[in-house]
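Protein chains in written order, with the numbering used here: chain A, 4 to 210; chain B, 95 to 309; chain C, 60 to 291.
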């Protein structure tokens, strides 16, 4: 899943716009939107909001959390917390990125917001790296990643799962060979012959 | 897709091309040619010879003919592994297929060292891999530092980071032609150039289609 | 709903026709009491199937029913849109949505084809052991897989194996490419699932709804299958 795909998925988020036109509701397959009344806010999917904004048919109303104080609080909370805190939107980066790049004029203190959001992302990303480190050192193959957003997961994808796959492969090999050869040891003691049944079969190597 | 050896994997073929040192245990009739340093017709017990992994791996661990010697490279990193100081090792210089070669040899190591070593080494180095692939974007590739498995992981990490940075600048957003088509076009261009120089017509190439309908 | 109606009206009231269409679609099924399913629900199912397919190392259950429902819904929409002006606000928006849906379906099918081409023989062998109801390949995909396998065989035979001694041809088993089912995946639990084995030593964990995990695929494959969890 690359950022473009993650953006595509995040574009389903609903966001408020203020249209400068009026129209009947639209019955999209994903669900109905509208009616549109000039000057009145209405919720639409992000992809539609971005499109209408580019056509200059609306203003985007930034979501409540896209506000400096709120984000500063989130940032502090994220620094304090040992775990990943729950973000105000599971696609906060995509929403912020799309809103701020298509409609910077609709977002007060846009540049400052951009910095804080980037900070939050970076804090979470380095937290992710630290916890990965602990997790791998602890010989785990399983870890909990609550509240981590798709784009944050992307920062360690596919390198992290791929690395874990290899580590697991080598671990299986090491343990299997240890087990198999100790069994072989037993066999040889009993039968007294070097060519016991515990020898490696070819299928053993297929991984 | 992640590397997972299979019959058609070129990389796996390269790995199994690697030579393994083994000791001859019994007199092998008319196999003297396997020992480059000897002129004898038969292979005598006690000789050390190098055999390719693709042959060795078909042998039983306790076969009567050869005892496989654990390559020095694995013994050499043992101390570093125990002290958890593996990040500075130039793994690629030690062996281009440090992990996969070791994986094949694991069952042949009666002391169960190799299996443990490759597992621990990668486990210790992953954090470092994550870090360097995030920091050096595209440009410098740590040639000797990484073995082939690590090198692939590193590439994947660099790619991820590039994609992310492009996305942040909203520059990667334009839908591009796939790498395959791009390659094909480059080849065509090359072919056309060589045509001009009087080269053979590449033939067979269908006209490249830049865009395909979505479905 | 007839096609002669004013497109605006039709576009404004698709819910009735949609539900009716799906109810009809399902009457052909074994289960006569199947509840009508909305287009929105079908889309959600397809979106999940799409991300699951992208993230899973192996080929998952085919979704022919859902794809067909969605394709007919898309066709239905396009039919209704054909009288609208191409610059009409409604036309553009509906068109954009249809493009998004088409992308999901195409990407989903392409991802499956990629797996079929990579693991052809493995998939065919597994398919042969499955009951009709549990088949992972759609009939079209099954045919594609068969053809692909025989083309590859024929090609190898032509360029190489026919010149090789017999014993070298008998490596059919060895040549089967299989996915690594122990590949690590990112998982999100849809509901509470208790007693999921998460490690080799049978360590068990309870998954809370909405919780996220990284875990070897094989340990959670049946949760995906039962839609108790999804890959992300």
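Positions of the beta carbon are idealized from the N, C-alpha and C atoms, including for glycine.
In the DSSP annotation of this structure, the continuous segment of the alpha helix (DSSP H) that includes residue 82 of chain A starts and ends at 71-83. Contact between residue 217 of chain B and residue 170 of chain A holds, since their C-beta atoms are separated by about 5 Å, short of 8 Å. Residue 252 of chain C sits away from residue 114 of chain C, with the two beta carbons spaced by 7 Å or more. Using a Cβ-Cβ cut-off of 7 Å, residue 102 of chain C counts as an interface residue toward chain A, since at least one Cβ of chain A sits closer than that to its own. Taking a C-beta distance under 7 Å as the contact criterion, residue 81 of chain A and residue 73 of chain A do not qualify as a contact pair. Using a CB distance cut-off of 7 Å, residue 156 of chain A counts as an interface residue toward chain C. Looking at the backbone, the Cα of residue 171 of chain B and that of residue 125 of chain A are separated by about 35 Å.
Counting C-beta pairs with one atom in each stretch, the region 13-25 of chain A and the region 42-62 of chain A have three or more that are closer than 8 Å, which means they touch. Counting along the chain, the unbroken alpha helix (DSSP H) around residue 106 of chain B starts and ends at 104-111. Taking all protein chains in view, the Cβ of residue 254 of chain C is surrounded by fewer than 16 other Cβ atoms within 10 Å, so the residue is classified as exposed.
Rounded to whole angstroms, the Cβ separation of residue 151 of chain B and residue 110 of chain B is 7 Å, and the two are in contact under 8 Å.
Beta-bridge partners of residue 146 of chain A (DSSP): C:273.
Counting along the chain, residue 176 of chain B sits inside the alpha helix (DSSP H) bounded by residues 166-176. Residue pairing by DSSP places residue 17 of chain A opposite A:48 in a beta bridge.
In this structure, the beta-carbon distance from residue 189 of chain C to residue 118 of chain C does not fall below 7 Å. The beta-carbon distance between residue 204 of chain B and residue 238 of chain B, rounded to whole angstroms, is 31 Å. This is too long to meet the 8 Å contact definition. Taking 7 Å as the cut-off, the beta carbon of residue 183 of chain B is found no closer than this to the beta carbon of residue 196 of chain B.
Interface annotation, residue 101 of chain B: in contact with chain C, CB-CB separation under 7 Å. For residue 105 of chain A, there is no enclosing beta strand (DSSP E); the residue is found in the alpha helix (DSSP H) stretching over 95-105. The distance from the Cβ of residue 153 of chain C to that of residue 164 of chain C is about 16 Å, inconsistent with a contact at the 8 Å cut-off. Within the region 218-241 of chain C, the residues whose Cβ lies closer than 7 Å to any Cβ of chain B are, in chain order, 233, 234, 236 and 239. At a cut-off of 7 Å, the C-beta of residue 6 of chain A has a neighbouring C-beta in chain B. At a Cβ-Cβ threshold of 7 Å, residue 127 of chain A and residue 93 of chain A do not count as neighbours. Here residue 101 of chain B is exposed: its Cβ has fewer than 16 other Cβ atoms, across all protein chains shown, within 10 Å.
Proximity of residue 94 of chain A to chain B, defined by a Cβ-Cβ separation below 7 Å, is not satisfied.
The shortest CA-to-CA distance from residue 68 of chain A to any of A:137, A:62, A:78 and A:59 is the one to A:78. What residue 226 of chain B touches in chain A, judged by beta-carbon distance under 9 Å, is nothing: the nearest beta carbon there is about 11 Å away. In the DSSP secondary-structure assignment, residue 225 of chain C is not bridged to any residue. At a cut-off of 7 Å, the C-beta of residue 109 of chain A has no neighbouring C-beta in chain B.
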